[in-house]
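Here the structure comes first, spelled out in structure tokens, and everything after it is commentary.
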Amino acid sequence: MYRTTSCNSLRTEHIGQSVTLAGWINSRRDHGGVIFVDLRDREGLTQVVFRPEDFPKLASVLIDHAAEAATTSKGIDLEKAYSDPLMTSGLNIDEREWEKARALRSEDVISVTGRVAPRLQGTENAKIETGEIEIIASELRVLNKADVPPFPLDDPSVNEDLRLQYRYLDLRTAHMQRNIKLRHRVVKATRDYLDEQGFLEIETPVLSNPTPEGARDFLVPSRLNPGTFYALPQAPQQYKQLLQVAGLEKYFQIARCFRDEDLRADRQPEFTQIDVEASFITDVEIQTLIEGLLSRIFKESRGVDIPVPFPRMTYADAMNRYGSDKPDTRFAIELVELTDIFTASTFKVFASVASGGGTIKAINAKGAAALLSKEQLKKWEEWVKTEFGAKGLAYIKWSVGGEWESPIVKFFSDAEKKALAERMGFAEGDVLFFGADAKLEPVCEILGRVRLRCAELLGLLAEKKDQLNFLWVVDFPLLAFSPEDNHWVAVHHPFTRPKAEDVPAMEAGDYGKVRAVAYDVVLNGVELGGGSIRIHERELQAKLFEVLGVNAEEQQIKFGHILKAFSFGAPPHGGIALGLDRLVMLITGASSIREVIAFPKNNRGCDLMTSSPVEVDFKQLREVYIQSTAKKL
RNA sequence: GGGGCCUUAGCUCAAUUGGUUAGAGCGCUACCCUGUCACGGUAGAGGUUGCGGGUUCGAGCCCCGUAGGUCCCGCCA
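For any residue, its number in my numbering is found by taking its place in the first sequence, counting from 1, and adding 30.
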């Protein structure tokens, strides 16, 4: 037997027991005579002591004295224990075990047998849970020696690429084990909760079809059908809807999804969704279900109660007030409408925007004046220009005891200044940032970015680490015009249901006005997931494809199966998908989803541990009828 | 596809204005040490400064290119 218990199970009540532990050498302290080893397994640490004397005898002496101490409710009398005849009378020294212990190094794997003993008075270690006891070793088995690790395992400042290259070592750290365990708790809570709610966990194919909408697909060539390809699913979207047509009614899956797009700190080419779909359900019912799920997840993973129901905010409000469809509402800065103030302004840039149906908005970064020099404001302007294609970033800085500093304020009339200051709550120490454009969206989006950067600058989130601001963003537009493709595209996906009251607008061709029965759940400015009520009528679905520029023939080829399915009595249905990786990232407080994925890919989609992806033989390519066009170096 | 930042010992970093033999801490190796827990002490090993080119009497430092890493924009729900 390798072990009888874990390295985080022994306490004072186990004193006297003979145990065997197995694990890794976390650290070793060799005092020449006595040798201490912190033995580590998944559960924790236990100190093991190797002494050059006869270990079992020593242990029994200490235990006897501890037992005696317990009856007198005084601490163990060390002097007495050490003067015990057994301790001083020429013990049989087993040097072999001790010599083995001397040769132990970090990360060696051992199994050790000994007796649980109390630590000597004053040598207890409050930092570890087993710090009251130690193991007096009598037998040591070295199961495997370890090379010197390429980096210190407990050092959080080590380069991530090195950690990823040796991920199996990185995963040994308490930090990573905590994240992986917590992820398990989240998945377990999800399965338990949805099972209790009557949902069935159903697997869907990983080899499926390319989808014309949305992200780029990962392709898989079919050997048995030369020249044809599967695609890895971006989401199990069609299958989960077809399961509703199939009458399974309530489906969920912890689903792996694949998207061949560029990576980010919160984006991997393969990621996991908590995928949910149900029949005969309304949008509010799905939202309530998900509120219950998230409550359960946060309760079981972090022990916190989150208030439900979550606030609702329309997409229009979110954009207008926060400049984002996933607003971080933990801090108060909001976008303020100023268009009406400047319709007749002497400042031509604003006047032409305001009178021409455009939008002028601003945000007030309270107290930012002291933190932003003229040079820094220049840099911010440069930043919005290069990163978001803004024309500029107008500002007014009002230092405490100073004047308004701004390249534009000299063009404002006194009335405009007064109205502006009043509406913005502009005070000494503040900085205003303006956005003005013929179109609403870029004004909101750019100020939304500036808003986030202001929060960062002002440290508004520093003391709000534990705050959890959930909210639903609802009433998304169904369609958006893509100038690149020169046609309308689905904002969510093409199966999303238009709001009943907006169907006339759709039929009238006023596509920009049509809202969807779609909803996103947002936590602290991060989109956790989104879903919608779907179209279940064949005609409406066909109509929507038409709007999206998919003609009848294409519809038949790409979506014939789902259109046909809808003609056989599809129930009203809808669902949602939550990003599991992001959710666990937020729960653990990690800054990247790589911290909550056992074997993630780096920025370029490479697995540094396995060197994946790799080149393959010509022969292997030939079998699947593929020829690479990549240029050899 | 584009932009920012980074790359010096196994790890984390330093190296003044371009100037001697590129240093420190940790880790590693050996020895000493019987109560430590980030043990302590003594000694030692360890470097093509990512790579290629250029400027210069002289380059870790300046210039050009390139590779890798990371964050962001585009892209992606």
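Note that CB positions come from ideal geometry on N, CA and C, so glycine has one too. All values reported here derive from a predicted model rather than from experimental measurement.
Unbroken beta strand (DSSP E) run spanning residue i, endpoints
i	result
residue 269	Residue 269 -> not in any beta strand (DSSP E); alpha helix (DSSP H) instead, spanning 267-275.
residue 512	509-512
residue 566	First-last for residue 566: undefined, no H or E at that position.
residue 549	548-553
residue 305	300-309
residue 606	603-609
residue 59	48-60
residue 281	280-288
residue 425	424-428
residue 294	That residue, residue 294, is in no beta strand (DSSP E); it is neither H nor E in DSSP.
residue 500	500-504
residue 66	65-71
residue 440	It is not in any beta strand (DSSP E) - residue 440 carries neither H nor E in the DSSP assignment.
residue 80	74-80
residue 342	342-344
Distance, residue j Cα to residue i Cα
i	j	result
residue 121	residue 153	Interpretation of residue 121 is limited by its pLDDT of 39, a score under 50 that renders its predicted location unreliable; no figure is taken from the coordinates.
residue 607	residue 530	23 Å
residue 289	residue 45	55 Å
residue 32	residue 143	9 Å
residue 344	residue 617	26 Å
residue 358	residue 557	10 Å
residue 170	residue 199	24 Å
residue 613	residue 203	21 Å
residue 118	residue 495	Caution is warranted here: a pLDDT of 45 is assigned to residue 118, below 50, making its placement in the model unreliable, and no coordinate value can be reported.
residue 151	residue 488	50 Å
residue 589	residue 351	38 Å
residue 655	residue 535	48 Å
residue 56	residue 47	23 Å
residue 516	residue 582	19 Å
residue 504	residue 347	10 Å
residue 123	residue 167	Here the model assigns residue 123 a pLDDT of 44, short of 50, so the residue's position is not dependable and the matter cannot be decided.
residue 180	residue 639	13 Å
residue 653	residue 576	39 Å
residue 593	residue 242	16 Å
residue 159	residue 315	44 Å
residue 72	residue 50	15 Å
residue 34	residue 127	20 Å
residue 665	residue 69	Any question about residue 665 goes unanswered here, given that the chain covers just 31 to 663.
Cβ-Cβ distance between residue i and residue j below 9 Å
i	j	result
residue 270	residue 260	no
residue 604	residue 284	no
residue 506	residue 571	no
residue 521	residue 389	no
residue 559	residue 619	no
residue 176	residue 136	yes
residue 227	residue 244	no
residue 63	residue 81	yes
residue 360	residue 555	yes
residue 138	residue 54	yes
residue 156	residue 331	no
residue 611	residue 301	yes
residue 363	residue 223	no
residue 562	residue 305	no
residue 651	residue 658	yes
Residue i, enclosing alpha helix (DSSP H) - first and last residue
i	result
residue 404	404-418
residue 379	378-385
residue 176	Counting along the chain, residue 176 falls outside any alpha helix (DSSP H), and DSSP gives it neither H nor E.
residue 472	470-488
residue 314	313-332
residue 462	That residue, residue 462, is in no alpha helix (DSSP H); its beta strand (DSSP E) goes 461-467.
residue 525	It is not in any alpha helix (DSSP H) - residue 525 carries neither H nor E in the DSSP assignment.
residue 592	582-596
residue 530	Counting along the chain, residue 530 falls outside any alpha helix (DSSP H), and DSSP gives it neither H nor E.
Residue i Cβ short of 8 Å to the ligand SAM heavy atom set
i	result
residue 576	Ligands in the displayed structure: none, and consequently the ligand SAM is not present.
- Message: Any contact between the stretch 627-637 and the stretch 593-609? By contact I mean 3 or more CB pairs, one from each, below 8 Å.
- Response: no
- Message: With a threshold of 8 Å, are at least 3 pairs of Cβ atoms found where one atom belongs to the stretch 400-413 and the other to the stretch 425-442?
- Response: They touch, by the three-pair rule.
- Counting Cβ pairs, one atom from each stretch, are 3 or more of them under 8 Å apart for the stretch 411-424 and the stretch 457-475? Touching, per the Cβ criterion.
- Would you say the stretch 315-330 touches the stretch 641-657, given that touching needs at least three Cβ pairs under 8 Å? Under the 8 Å Cβ criterion, the stretch 315-330 does not count as touching the stretch 641-657, having fewer than three qualifying pairs.
- Ranges of the beta strand (DSSP E) found wholly within the stretch 218-265, counting only runs of at least 3: 249-251 and 259-261
- Query: Can we say the stretch 369-382 touches the stretch 446-461, given the rule of at least three CB pairs closer than 8 Å?
  - Reply: yes
- Item | Continuous beta strand (DSSP E) assignments of at least 3 residues falling wholly in the stretch 139-172 | For the stretch 139-172, whole beta strand (DSSP E) runs of length 3 or above, ordered along the chain, are 139-148.
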